[in-house]
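Colleague:
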Amino acid sequence: YEQRSLAEVRGKKHTWYCEVDEEQTVIWANFGAANPNRELAEINVRPSVFMPERSGLSYITVDGFHLMHSAENWQPPGLPLQMGTIGPRMGKHWIIQNCKITNARCVGIILGHARGVDHNDIDAFGDHIIRNNIIRRCGQAGIAGQKGATRCLVAGNLIEDTNYRREFGGWETAAIKFHESVDTVIRGNLIRRARHETHGAFGIWMDWANQGTRITGNVVYHTETAAIFLEMNHGPILVDNNVVIGGGVRSNSEACVFAHNLFHDCPFAMVVDLRRRSQYYKPHTRIPVGRKHGIHQDDKWYYNIFVRRGLAAVRAAPGYAADYNLFLEGARKS
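Heads up: the sequence shown is residues 13 to 346, going by my numbering.
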């Protein structure tokens, strides 16, 4: 575990601290009773394990690998190149399947931003399939990225123990987190145990200008904040046939449909963000049309089952509708 000072390392086993200047990096580590001269001691320095050297490589399948111990730094949106254990670097038609991706410093699978392609051309990148992988113990996110998840299928993955060391507290921590994706499908994933240091730690986080998203058939539980966070999107978004336990939904997005879900003891926080404006696009393209505030409106709630907590805390907004839902064990309507 990384510490903030050398004094902390001296008093705590299995910790480390480093100081970096222009000429050298010095690392201090407390190995406890182990002798690093006799045991295996490793230092992870590679920012990725499987990543093209240039952008735009296409039609690549990665099947059945165990990829681990990448040492990428924090991966927020806006970086010229987002890194992770594995990623297509703005290529097209990759398949990443049946892999184990573990112990990434920050991000396991990065479907992220890179230079060298036309980001407004929906046919220039994306269309990936990420399926049947085991992704665990990643510091920031299991799967994440800006723009690169466009027209992707993320299906059948187990994503667990995100930020398990509670090292990170920034607003990028989630099992799945995408920015600016178009026509993305997140289907049939099991997501559990997303943790935080101070805040963050969502299950599925669609953050900023995601359009045409479908979140379907997932099971999400044991997230320390919302299981599903829809932030600054302008629809359409369909959330259907999911099982959500405890974490609930947070949203300042519009034109979202919630149908045929099971919500067990879930809070719902629908908020407004008038400080920022995010873009929206012509349907099924990445061509921007304009920008709007984040306002939860035109949401629909149909055929859901609510247990213990219902929609009582959801304030009716313009275009809001809820019908044909089942409320059990004290759950109430809005």
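Idealized CB from N, CA, C, for every residue including glycine. All values derive from a computational prediction rather than experimental measurement.
Under DSSP, the alpha helix (DSSP H) around Val-326 begins and ends at which residues?
Modeller: Unbroken run through Val-326: none, as it is neither H nor E.
Colleague: In the DSSP output, which residue or residues are listed as bridge partners for Arg-289?
Modeller: Beta-bridge pairing links Arg-289 to His-305.
Colleague: Which residues in the same chain as Asp-335 place their Cβ atom closer than 7 Å to its Cβ, once the five residues preceding and following it in sequence are excluded?
Modeller: Tyr-314, listed in sequence order.
Colleague: Taking Cβ positions, are Cys-164 and Gly-138 nearer each other than 7 Å?
Modeller: Result yes, Cβ atoms of Cys-164 and Gly-138 sit closer than 7 Å.
Colleague: Would you mind stating whether Tyr-72 and Gly-99 have Cβ atoms separated by less than 7 Å?
Modeller: The displayed chain sequence assigns Ile, not Tyr, to residue 72. Contact flag unset, no.
Colleague: Alpha carbon to alpha carbon, how far is Glu-184 from Lys-159? Give it in angstroms, no decimals.
Modeller: Rounded to whole angstroms, Lys-159 to Glu-184 spans 15 Å at the Cα level.
Colleague: Pick out whichever of Ala-153, Arg-298 and Val-232 has its Cα sitting closest to the Cα of Asn-85.
Modeller: If we check each option's Cα against that of Asn-85, Ala-153 comes out closest.
Colleague: Bridge partners of Ala-161, per DSSP?
Modeller: Answer is none; Ala-161 lacks a bridge partner.
Colleague: If contact is defined by three or more beta carbon pairs under 8 Å, each pair taking one atom from either stretch, is the region 72 to 83 in contact with the region 48 to 64?
Modeller: Cβ pair count under 8 Å is three or more, so yes.
Colleague: Please confirm if the region 227 to 245 is in contact with the region 254 to 264, defined as three or more CB-CB distances below 8 Å between the two stretches.
Modeller: Yes: the two stretches touch, three or more of their Cβ pairs being nearer than 8 Å.
Colleague: Which one or two residues does DSSP pair with Trp-28 in a beta bridge?
Modeller: Answer is Glu-14 and Ala-41.
Colleague: Quick one: what does DSSP say Glu-20 is sitting in, helix, strand or coil?
Modeller: Reduced to three states, the DSSP call for Glu-20 is helix.
Colleague: In the region 90 to 171, which residue ranges form an unbroken beta strand (DSSP E) of at least 3 residues, counting only runs that do not cross its ends?
Modeller: With a minimum length of 3 residues, the continuous beta strand (DSSP E) runs that stay inside the region 90 to 171 are 107 to 109, 112 to 114, 119 to 122, 141 to 143, 146 to 148, 153 to 158 and 165 to 167.
Colleague: Here's a check: name, in chain order, each residue in its chain whose Cβ is nearer than 8 Å to the Cβ of Asp-133, leaving out the five neighbours to either side.
Modeller: Cβ neighbours of Asp-133 beyond the five flanking positions: Arg-298.
Colleague: What is the DSSP secondary structure of Arg-58, reduced to helix, strand or coil?
Modeller: Coil, per DSSP.
Colleague: Quick one, are the C-beta atoms of His-191 and Pro-89 less than 7 Å apart?
Modeller: Yes. Within cutoff.
Colleague: Sort out for me which residues DSSP pairs Leu-79 with in a bridge.
Modeller: DSSP output for Leu-79 lists Ile-113 as bridge partner(s).
Colleague: Do you know how far the Cα of Ala-126 is from the Cα of Gly-247?
Modeller: Computed Cα separation, rounded: 25 Å.
Colleague: Look at Cys-150 and Gly-181 and say whether their C-beta atoms are less than 7 Å apart.
Modeller: No, the pair does not count as a contact, with Cβ atoms beyond the cut-off.
Colleague: Pairs of beta-carbons, one from the region 286 to 294 and one from the region 320 to 340, closer than 8 Å: are there three or more?
Modeller: Contact between the region 286 to 294 and the region 320 to 340 is absent, because fewer than three Cβ pairs lie under 8 Å.
Colleague: Report buried or exposed for Ile-55, applying the criterion of at least 16 other Cβ atoms within 10 angstroms of its Cβ.
Modeller: Classification for Ile-55: exposed.
Colleague: Under the DSSP definition of a beta bridge, which residues are partnered with His-276?
Modeller: Answer by DSSP bridge pairing, in chain order: Ile-257 and Val-319.
Colleague: Assess, as a yes-or-no matter, whether the region 302 to 312 is touched by the region 321 to 334 under the definition of 3 or more beta carbon pairs within less than 8 Å.
Modeller: The region 321 to 334 is in contact with the region 302 to 312.
Colleague: Measuring alpha carbon to alpha carbon, tell me which residue in Val-251, Ile-142 and Asp-130 is nearest Asp-75.
Modeller: The shortest Cα separation from Asp-75 among Val-251, Ile-142 and Asp-130 belongs to Ile-142.
Colleague: Select from Gly-128, Thr-162, Ile-188 and Val-129 the residue whose C-alpha is nearest the C-alpha of Ile-147.
Modeller: Of Gly-128, Thr-162, Ile-188 and Val-129, the residue nearest in Cα terms is Ile-188.
Colleague: So, using beta-carbon positions, are Ala-45 and Trp-28 closer together than 7 Å?
Modeller: Against a cut-off of 7 Å, the Cβ pair of Trp-28 and Ala-45 comes out as no contact.
Colleague: Starting from Met-218, follow the beta strand (DSSP E) in both directions and report where the run begins and ends.
Modeller: Start and end: 214 to 219.
Colleague: Around the Cβ of Leu-52, are there at least 16 other Cβ atoms within 10 angstroms (buried) or fewer (exposed)?
Modeller: It counts as exposed.
Colleague: Using a Cβ distance threshold of 8 Å, determine whether the region 191 to 205 contacts the region 222 to 240, with at least three qualifying pairs required.
Modeller: Touching, yes, given that three or more Cβ pairs across the two stretches are closer than 8 Å.
Colleague: Using 7 Å as the threshold, is the C-beta distance between Val-129 and Met-102 below it?
Modeller: Cβ distance < 7 Å, so Val-129 and Met-102 count as in contact.
Colleague: Does the separation of the CB atoms of Val-255 and Arg-226 fall below 7 Å?
Modeller: No.
Colleague: Is DSSP giving Pro-300 helix, strand or coil here?
Modeller: In this structure, Pro-300 counts as strand in the three-state DSSP scheme.
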